[in-house]
Amino acid sequence: MFKKKEYSLVKAGQSQANDMLALTTRLQQSADQDLENKRTGSPLKQQGPAAENLSQAEILLKDLFMDVSKAKKLQHPQGNEIERE
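In this text, residue positions in the sequence shown follow UniProt numbering: the first is 1, and each later residue adds one.
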């Protein structure tokens with residue numbers, strides 16, 4: 001009634017090989033660009049925004065830990081669960 005589909009290992013192998021080739025090509029291009037930027041002394045493009053995001057994340061984490069500590073100190077019924085999460 002239904003035809004059984006056969007899985008071709010050759011096709012899967014070729015697909016994986018093509019994916020791997022594309023990945024290694026992209027990695028090599030990125031490495032070449034990084035090397036060229038280092039040679040020319042170009043500044044990192046995303047350093048400023050990344051530093052700002054990390055700073056904001058650090059503030060949020062500090063506030064989160066302080067809130068968890070406060071919940072435990074005030075003996076919140078779910079204080080232990082809040083701490084685990």
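Using N, Cα and C, we set each Cβ at its ideal position, and we do this for glycine too.
Is Pro77 helix, strand or coil by DSSP? Note: Pro77 maps to coil in three-state DSSP.
Taking the runs of the alpha helix (DSSP H) that are 4 residues or longer, which of them lie wholly in the UniProt domain "Periplakin/Envoplakin N-terminal" (26-84)? As far as the UniProt domain "Periplakin/Envoplakin N-terminal" (26-84) is concerned, its whole alpha helix (DSSP H) runs of at least 4 residues are 47-73, 79-84.
Beta-carbon separation (whole angstroms), Glu83 vs Lys72, contact threshold 8 Å: A Cβ-Cβ separation of about 6 Å places Glu83 in contact with Lys72 under the 8 Å criterion.
What number of angstroms, rounded off, separates the C-alpha of Leu44 from the C-alpha of His76? The alpha-carbon atoms of Leu44 and His76 are separated by roughly 46 Å.
Relative to the alpha-carbon of Met66, which residue among Gly79, Gln33, Ser30 has its alpha-carbon at the smallest distance? Distances from the alpha-carbon of Met66 to those of Gly79, Gln33, Ser30 put Gly79 closest.
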